[in-house]
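Residue numbers (my numbering), protein chains in the order written: chain Z, 1 to 212; chain A, 1 to 212.
There are 2 protein chains.
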Amino acid sequence: MRSRADNSLAERKRQLVADELRDAALMLLATKGFDVVTVDDIVAAAGMSRRTFFRYFASKEDVVVRFLADTSADIITELAARPPAEPPSVALRHALWVPLAACNDQPEHSERARVVVRLILDTPALHARWLERQIQWRTELAAELANRRGLDPHTDPYPRMAAGMALLALDTVLQRWQPGDDEQHLAELMDQAFAVVAPALDAPTAPSPRHR
Amino acid sequence: MRSRADNSLAERKRQLVADELRDAALMLLATKGFDVVTVDDIVAAAGMSRRTFFRYFASKEDVVVRFLADTSADIITELAARPPAEPPSVALRHALWVPLAACNDQPEHSERARVVVRLILDTPALHARWLERQIQWRTELAAELANRRGLDPHTDPYPRMAAGMALLALDTVLQRWQPGDDEQHLAELMDQAFAVVAPALDAPTAPSPRHR
DNA sequence: GCTATTGGTGGCACTCAGTGTCACGCAGTG
DNA sequence: CACTGCGTGACACTGAGTGCCACCAATAGC
Numbered sequence: 001m002r003s004r005a006d007n008s009l010a011e012r013k014r015q016l017v018a019d020e021l022r023d024a025a026l027m028l029l030a031t032k033g034f035d036v037v038t039v040d041d042i043v044a045a046a047g048m049s050r051r052t053f054f055r056y057f058a059s060k061e062d063v064v065v066r067f068l069a070d071t072s073a074d075i076i077t078e079l080a081a082r083p084p085a086e087p088p089s090v091a092l093r094h095a096l097w098v099p100l101a102a103c104n105d106q107p108e109h110s111e112r113a114r115v116v117v118r119l120i121l122d123t124p125a126l127h128a129r130w131l132e133r134q135i136q137w138r139t140e141l142a143a144e145l146a147n148r149r150g151l152d153p154h155t156d157p158y159p160r161m162a163a164g165m166a167l168l169a170l171d172t173v174l175q176r177w178q179p180g181d182d183e184q185h186l187a188e189l190m191d192q193a194f195a196v197v198a199p200a201l202d203a204p205t206a207p208s209p210r211h212r
Numbered sequence: 001m002r003s004r005a006d007n008s009l010a011e012r013k014r015q016l017v018a019d020e021l022r023d024a025a026l027m028l029l030a031t032k033g034f035d036v037v038t039v040d041d042i043v044a045a046a047g048m049s050r051r052t053f054f055r056y057f058a059s060k061e062d063v064v065v066r067f068l069a070d071t072s073a074d075i076i077t078e079l080a081a082r083p084p085a086e087p088p089s090v091a092l093r094h095a096l097w098v099p100l101a102a103c104n105d106q107p108e109h110s111e112r113a114r115v116v117v118r119l120i121l122d123t124p125a126l127h128a129r130w131l132e133r134q135i136q137w138r139t140e141l142a143a144e145l146a147n148r149r150g151l152d153p154h155t156d157p158y159p160r161m162a163a164g165m166a167l168l169a170l171d172t173v174l175q176r177w178q179p180g181d182d183e184q185h186l187a188e189l190m191d192q193a194f195a196v197v198a199p200a201l202d203a204p205t206a207p208s209p210r211h212r
């Protein structure tokens, strides 16, 4: 499951520094709030220099968002791997389950993921970045969907909107993610959300341009 | 259609200053790009002080986004005014047409609106703010939808997701807004987009919780 | 007519995010 | 031992955004 090259001396050292910064940042941000914590606070807690922080993360927001949003490629891979005959709603549900499954992989990592989700949803600046990341996912999902169905993503609105609806379902799940929820409950929330959009996702290919 | 109090001497002067700043900002930002134009450039062009700019706009991003996003209340009003028996897809289509109609109200104002839309979609920072504003709309639309159908927005995912799908349709229309398009074409794009999400919007109220 | 009050404005100093640059330390290499 | 490449820290700088105070209108009250 290792995606990057781990050139076993330099690269692992880099990863160590990045993890240290990330852990210190998440700890401070989650407990004290995003706005009041400065980058100086973070690097002081991590015992590094301010300049080093920005060599690993593009911005203060980046630390938080990347924690959730690094799985973009995996989502597309999963969608591409689903059987072609599968209804879009089912294929998309499985594709977007990937990041949630990754959160639940390690125990106690899951709880921190939930805290980060809460932090993102409650902080306008972070929420905006998160949505921006989603836009990227949407574009990539739309391209893959268009590919699956042989549609042109530039003339047919379906692929982009289908991807948007799937991400809307994911958003709804994250919004409803409560402290005690285990993986089972998360799966149920996911099913509920996709049940709402499924009628549109699986509607006949030509959306009947009856208007005019 | 005047929503704010126009205390005909002080308030109109304020409006004049705000318009001057907004026009100067949009002119510069649209032609030169969002990142390269500083607030100093804007206030220099408007002949005012830097400090005054921030008395009228919360941020550089705010100037651009507010140009499109000030019609929030009108959208809810329109939705509330639609006949209760109307299918959600139709009611939401009419509600979200309000901001587009406002753009097309004044001639030549429409073209600038399109340019601003392009600027927002092409600038990540602006896009993020725009989505943030949409989140606000979504919450308000969801509350009104729940009200219409007698649902609890905290337990039923439908209202929030229906609002999200409607905004997704609006987003798709803006994405496809081309230089030559008149109001007719815009309406057609809107119909196409809503045709995609309509099956989910107008599905039977209980989304059949057949999973588990 | 003179004076308080009120509201908008400009100027100034400040914090903080983010970037560019340079010097230092520390491998490995000839 | 010099040479080279890389990661880091330190410093200076730009630009966004805020707080504060002084100034300048117009109006209300004596």
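Ideal Cβ positions, reconstructed from N, Cα and C, are used throughout, including at glycine.
Amino acids of chain A, ordered along the chain, whose beta-carbon sits closer than 8 Å to that of Z:R160: T172 and Q175
Length of the line joining the Cα atoms of A:Q134 and Z:A44: 37 Å
Are any of the Cβ atoms in chain A nearer than 8 Å to that of Z:P199? yes
Taking the CB atoms as reference points, tell me whether Z:I75 and Z:P99 lie closer together than 8 Å. yes
Counting only Cβ pairs nearer than 8 Å, list the residues of chain A close to Z:A69. Correct list: empty, because the minimum Cβ distance to chain A is about 13 Å.
Beta carbon of Z:A143, beta carbon of A:A128: below 8 Å? no
Buried or exposed, going by whether 16 or more other CB atoms sit within 10 Å of the CB of A:P195? Reading off the sequence shown, one finds Ala at residue 195 of chain A, where the question assumed Pro. By the 10 Å Cβ count, A:A195 comes out buried.
Reference Z:R176; option with closest CA among A:D182, A:A166 and A:T155: A:T155
For chain A, check one thing: does any of its Cβ atoms lie closer than 8 Å to the Cβ of Z:A128? yes
Is it buried or exposed for A:P214, if we count other Cβ within 10 angstroms and need 16 for buried? Absent from the model: residue 214 of chain A. The displayed extent of chain A is 1 to 212, so no value can be given.
CB-CB under 7 Å to Z:T123, same chain, minus the five flanking residues each way: which ones, in chain order? F34
Counting only C-beta atoms, is A:A102 closer than 8 Å to chain Z at any point? no
Where A:S49 and A:V63 are concerned, what is the direct C-alpha to C-alpha distance, given to the nearest angstrom? 16 Å
Can A:L145 and A:A169 be called in contact, C-beta distance under 8 Å? no
Suppose contacts are defined by Cβ-Cβ distances below 8 Å. Is Z:L26 in contact with Z:D41 by that definition? no
In chain Z, what lies closer than 8 Å to A:E132 by C-beta? P124, H127, A128 and L131
Alpha-carbon spacing of A:P84 relative to A:A198, whole angstroms: 17 Å
Looking at C-alpha atoms only, which residue of Z:R14, Z:A30, Z:V37 and Z:S89 is the closest neighbour of Z:A203? Z:S89
Buried or exposed: where does A:K60 fall if 16 or more other Cβ atoms within 10 Å of its Cβ makes it buried? buried
Do A:Q96 and A:A200 have their C-beta atoms closer together than 8 Å? Checking the sequence, you will find Leu at residue 96 of chain A rather than Gln. Their beta carbons are not under 8 Å apart, which means A:L96 does not touch A:A200 by this criterion.
Simplified DSSP assignment, three categories, for A:T38: coil
Which same chain residues, not among the five before or five after Z:A81, have their C-beta less than 7 Å away from its C-beta? none
Residue of Z:R22, Z:A69 and Z:L68 minimising C-alpha distance to Z:G47: Z:R22
Expressed to the nearest angstrom, what Euclidean distance is found between the alpha-carbon atoms of A:L186 and A:R138? 22 Å
For the putative contact between A:Y56 and A:A18, defined by C-beta atoms under 8 Å, what is the C-beta separation to the nearest angstrom? 5 Å
Using a Cβ-Cβ distance cut-off of 8 Å, determine whether A:Q192 contacts chain Z. yes
Could you give the distance in angstroms between the alpha-carbon of Z:P114 and the alpha-carbon of A:D105? Per the sequence shown, the amino acid found at residue 114 of chain Z is Arg instead of Pro. Rounded to whole angstroms, Z:R114 to A:D105 spans 45 Å at the Cα level.
Interface partners of A:V196 on chain Z, CB under 7 Å: P157, Y158, M161, A200 and P207
Whose Cβ in chain Z lies nearer than 8 Å to the Cβ of A:L141? Those within 8 Å of A:L141 in chain Z number zero; the least Cβ separation is about 13 Å.
My parser needs the alpha helix (DSSP H) runs of 4 or more residues fully inside the stretch 87-130 of chain Z; what are they? 88-105 and 109-122
So what does DSSP say about A:A143, is it helix, strand or coil? helix
Less than 8 Å separating the beta-carbons of Z:L189 and Z:V117? no
As a quick exercise: from Z:F67, Z:H94, Z:A69 and Z:T172, pick the residue whose alpha carbon is nearest that of Z:E287. The structure shown does not extend to residue 287 of chain Z, since chain Z is modelled only from 1 through 212, so no value can be given for it.
Could you tell me if Z:P159 is buried or exposed, where buried requires 16 or more neighbouring beta carbons within 10 angstroms of its beta carbon? buried
Where A:F57 falls: helix, strand or coil (DSSP): coil
Contact set for A:P87: own chain, Cβ-Cβ below 6 Å, skip 5 residues either direction: D202
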